[in-house]
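Here the structure comes first, spelled out in structure tokens, and everything after it is commentary.
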Amino acid sequence: MTDDERAHWNERYREREPPTEPSDLLREWIDDLPEGRALDVATGGGRNAIFLAGHDYAVDAIDVSEEGLGIARERAEDRGLSERIEFVRSDVEDHDFPAAVYDVIVVSHYYSLNALPGFKRALAPGGVLLYEHRLHPPGDGSHTFRFRPNDLLRATLDLRVVRYEEPMEITEDATDIRLVARKD
Numbered sequence: 001m002t003d004d005e006r007a008h009w010n011e012r013y014r015e016r017e018p019p020t021e022p023s024d025l026l027r028e029w030i031d032d033l034p035e036g037r038a039l040d041v042a043t044g045g046g047r048n049a050i051f052l053a054g055h056d057y058a059v060d061a062i063d064v065s066e067e068g069l070g071i072a073r074e075r076a077e078d079r080g081l082s083e084r085i086e087f088v089r090s091d092v093e094d095h096d097f098p099a100a101v102y103d104v105i106v107v108s109h110y111y112s113l114n115a116l117p118g119f120k121r122a123l124a125p126g127g128v129l130l131y132e133h134r135l136h137p138p139g140d141g142s143h144t145f146r147f148r149p150n151d152l153l154r155a156t157l158d159l160r161v162v163r164y165e166e167p168m169e170i171t172e173d174a175t176d177i178r179l180v181a182r183k184d
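Under UniProt numbering, the residue at position 48 of the sequence shown is numbered 48, and the numbers go up by one with no gaps.
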């Protein structure tokens, strides 16, 4: 990630309050996930990391933005959960994830096919990957940080895909795709 991209994310977190509620996908699956250690990728304001910590996970929350991590840290402290979360400032694309340590990995609105092999390697046996992001609308080349149809599915076929949702009709509106996959 370039310095300009880092500056963009820091500025974004200075200007806009990041969401506080966890992703719907995580909330829906929390009772079916294995217990243990979790990774929140591109944590931003920490909504998913805080939710996981509140469910007794030891969480690593990674993000490139110092501003985002500062907000996440403050929110975790306000809820008495900062002891359960390790905040890591790092570029996800370049981060060297440890092998087979995470029981749960959550990726919410972060696009990277290049980082997926690292996420999969970091999953412990029986670990679950929850991934949600926007789908690329048809005929629009301006959405370079969105998945094209079936990209995420194809990139995770070495895991056991438990759930995959992709809309039948892609419109100009932002449409999420959702994946839940387990490492056997």
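A virtual CB, placed ideally from N, CA and C, is assigned to each residue, including glycine. Bear in mind the structure is a predicted one, so any value in this text is a computation, not a measurement.
- For alanine 49, the uninterrupted alpha helix (DSSP H) segment begins and ends at 47-54.
- In the structure shown, the three-state DSSP call for serine 82 is helix.
- In this structure, DSSP gives proline 125 an extended state, which the three-state scheme calls strand.
- The C-alpha of arginine 47 is placed about 14 Å away from the C-alpha of arginine 16.
- One thing to note: arginine 178 has its Cβ no nearer than 9 Å to the Cβ of valine 128.
- Taking the Cα of threonine 156 as reference, the smallest distance to any Cα among Asp176, Ser112, Arg75 is reached at Ser112.
- For arginine 182, the enclosing beta strand (DSSP E) has its first and last residue at 176-182.
- Under the Cβ criterion (8 Å, minimum of three pairs), the stretch 97-113 counts as touching the stretch 29-48.
- Going by DSSP, alanine 155 is part of the alpha helix (DSSP H) stretching over 151-155.
- Around the C-beta of serine 90, fewer than 16 other C-beta atoms lie within 10 Å, and the residue is accordingly described as exposed.
- In the structure shown, arginine 75 falls within a helical segment according to DSSP collapsed to helix, strand and coil.
- Collapsing the DSSP output to three states places arginine 134 in a strand.
- The bridge partners DSSP lists for leucine 39 are Asp60, Ile105.
- The closest CA to that of valine 92, considering only Glu5, Asp184, Val180, is found on Glu5.
- Rounded to whole angstroms, glutamate 66 and valine 162 show a C-alpha spacing of 34 Å.
- Distance from arginine 75 to phenylalanine 87 at the Cβ level is roughly 11 Å; contact not present, criterion being Cβ atoms closer than 8 Å.
- For the 9 Å CB-CB criterion, leucine 81 and glycine 44 do not form a contact.
- A direct Cα-to-Cα measurement between glycine 118 and phenylalanine 97 gives close to 6 Å.
- According to DSSP, glutamate 28 shares a beta bridge with no other residue.
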